[in-house]
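Visitor: Mind looking over this structure? Questions follow.
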Amino acid sequence: GNNVFDLITANALEGSFSSDANDDFEAKNLLNAIADFAWVGNTLTVTFSQVPEPAAVAALIGAFALGVAAWRRRR
5 GNNVFDLITA NALEGSFSSD ANDDFEAKNL LNAIADFAWV GNTLTVTFSQ
55 VPEPAAVAAL IGAFALGVAA WRRRR
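Heads up, the sequence shown is in this note's numbering, so the first residue is 5 and it goes up one at a time.
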């Protein structure tokens, strides 16, 4: 699950921004998570997404492989 938070909300933004200031960016070196910062209109939002552990991904792939093997065996 993702959690989205509004960091800054304004009716109008004044001043000048460089093109880099308005670009979306990510913080990837968080503990098992990624933070994605994005401008949505006049609101700066941050979305935190959990990164799955490699063992969890391997377990899902293994379960899928077992399901495919069982399905093929029944055919």
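Every residue gets a Cβ at the ideal spot worked out from N, C-alpha and C, and that includes glycine.
Which one or two residues does DSSP pair with Ile38 in a beta bridge?
Guide: By one-based count along the sequence shown, residue 38 stands at place 34. Beta-bridge pairing links Ile38 to Ser53.
Visitor: So is Ala62 in contact with chain C if we call contact Cβ pairs under 8 Å?
Guide: Given the protein chain composition of this structure (a single chain), no chain C is represented.
Visitor: By alpha-carbon positions, which one of Glu57, Ala59, Pro58 and Ala42 ends up nearest to Thr51?
Guide: Within the sequence shown, residue 51 is the residue found at index 47, counting from 1. The shortest C-alpha separation from Thr51 is found at Ala42.
Visitor: Under DSSP, the alpha helix (DSSP H) around Arg77 begins and ends at which residues?
Guide: Here the question's residue 77 lines up with position 73 in the sequence shown. Taken as a continuous stretch (DSSP letters only), the alpha helix (DSSP H) holding Arg77 covers Pro58 to Arg78.
Visitor: With distance defined between alpha-carbon atoms, name the residue in Thr47, Pro56 and Val72 nearest to Gly38.
Guide: Against the sequence shown, residue 38 aligns to sequence position 34. The sequence shown places Ile at residue 38, rather than the Gly named in the question. Nearest of Thr47, Pro56 and Val72 to Ile38, Cα basis: Pro56.
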